[in-house]
Structures are given as C-alpha cells and as structure tokens.
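A.B. asks:
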Amino acid sequence: MNTEHAIHHRKKRILAVDDDGLVRKSLEILLKEAGYEPVVAAGGQEALGFLTQRHFDLLITDIRMPGMDGLQVIQAVRDYCLEAKKHPIPEIVLTAYNDDHVRESAVRLGVREFILKPFKVDEFLKVLERNLAH
Ligand SMILES: [Mg+2]
Numbered sequence: 008m009n010t011e012h013a014i015h016h017r018k019k020r021i022l023a024v025d026d027d028g029l030v031r032k033s034l035e036i037l038l039k040e041a042g043y044e045p046v047v048a049a050g051g052q053e054a055l056g057f058l059t060q061r062h063f064d065l066l067i068t069d070i071r072m073p074g075m076d077g078l079q080v081i082q083a084v085r086d087y088c089l090e091a092k093k094h095p096i097p098e099i100v101l102t103a104y105n106d107d108h109v110r111e112s113a114v115r116l117g118v119r120e121f122i123l124k125p126f127k128v129d130e131f132l133k134v135l136e137r138n139l140a141h
C-alpha cells in the first residue's frame, strides 16, 4: 500500500474535550462505533498536548469546564494551527439546551456548529459527517 493510499483510507481522527468522564466515555464509544478514531481529553491543556503530537480532522468541545472553558479551547486550537501553519480544524460545540448566552458567545467567536446535550445519536453523526466531508 503506498503512502497516498494509506492516507486516503486513514480513519478521521476526532479530538473530543469534555470534563465529564461519562460524556468522554460515551463519545469515545460512539465515535469508535461510527468508524472514527477518537482521542478524548478532560480539558484544554490535555487537548493542546494531543494537538502538538497528531493531526486532527475535527474538534468537539464542551463549553462548561473548569480551567479553560470550551471557547478558550477553541481559541487556543486556532492559535496553535495558525502558528504551526496547519489547516484550521472544524469545530463543534456541545452545549446544554438552557445555555443560550454561552451559545451567543460561541457564535460571536465564529463557531457554526452546535450539538445540544443530550443529543440524538443520528443527529450527532450527521453534524460530524457534514464537517468531515472535505
Ligand atoms: Mg462540562
């Protein structure tokens, strides 16, 4: 198998950040079952560590987390990609239904994709596919 072929068939790698261990575990299982390669992080610092080691096709992040919140994670990931001259990574934010003002802040930051928790699996996967389609 030549390199190009291997890259073409590489599983899409998804970085998922959430401070809730149960959410991380379910995201990991769900993403694996859907044929993706998930890497889960409990917070921004851990996520940034993974980012320097590997290529990611998509970022999914919770908003409400101790330490760096999700918007800070998004900003830090963007800064890193810019500095490292890497392509920007599509971003999906996980928020709760009652978190309107958090969503507004994310929109101001230019985030376009939101998944409301608790989410339906098929809708969740549709949003992922849409953002991995290129
Ligand atoms: Mg949280």
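Going by the numbering used here, the sequence shown runs without a break in its numbering and finishes at 141. Just so it is clear, CB atoms sit at the ideal spot from N, CA and C, and this is done for glycine as well. These numbers come from a predicted model, not from an experiment.
#1: Compute the distance between the beta-carbons of Val-47 and Ala-83, then report whether it is under 8 Å.
#2: Considering Cα atoms alone, identify which of Gln-60, Ile-70, Arg-17, Phe-63 is closest to His-108.
#3: Could you pull out every residue in the same chain whose Cβ sits closer than 8 Å to the Cβ of Val-142, ignoring the five residues on either side in sequence?
#4: For Leu-66, which beta-bridge partners are listed by DSSP?
#5: Just verifying my parser: in three-state terms, what is the DSSP assignment at Ala-83?
#6: Exposed or buried, which one is Val-80 when buried takes at least 16 other CB atoms within 10 Å?
#7: What's the C-alpha gap between Ser-112 and Leu-78?
#8: If we count the other Cβ atoms within 10 Å of its Cβ and call it buried at 16 or more, is Asp-86 buried or exposed?
#9: Over what stretch of residues does the alpha helix (DSSP H) that includes Leu-123 continue unbroken?
#10: Shortest alpha-carbon distance to Cys-88 belongs to which of Leu-34, Thr-102, Phe-63?
C.D. replies: The structure says:
#1: Along the sequence shown, one-based indexing puts residue 47 at 40. Along the sequence shown, one-based indexing puts residue 83 at 76. Not a contact, by the Cβ cut-off of 8 Å.
#2: Position 101 of the sequence shown, counted from the first residue, corresponds to residue 108. Closest by alpha carbon: Ile-70.
#3: The shown model of the chain, from 8 to 141, leaves out residue 142, and the question about it has no answer.
#4: Against the sequence shown, residue 66 aligns to sequence position 59. In the DSSP output, where bridge partners are listed per residue, Leu-66 has Leu-22, Glu-98.
#5: As a position in the sequence shown, residue 83 is number 76, starting the count at 1. Residue state, collapsed to three classes: helix.
#6: For the purposes of this step, residue 80 is taken as the residue at position 73 of the sequence shown. Buried, because 16 or more other Cβ atoms sit within 10 Å of the Cβ of Val-80.
#7: Taking the first residue of the sequence shown as 1, we reach residue 112 at position 105. Taking the first residue of the sequence shown as 1, we reach residue 78 at position 71. Approximately 8 Å, taken between the alpha carbons.
#8: On the sequence shown, residue 86 is found 79 positions in, with the first residue counted as 1. By the neighbour-count rule (16 or more Cβ atoms within 10 Å), Asp-86 is not buried but exposed.
#9: As a working mapping, residue 123 is identified with position 116 in the sequence shown. First-last for Leu-123: 120–124, but that is the beta strand (DSSP E), not the alpha helix (DSSP H).
#10: Within the sequence shown, residue 88 is the residue found at index 81, counting from 1. Ranking Leu-34, Thr-102, Phe-63 by Cα distance to Cys-88 puts Phe-63 first.
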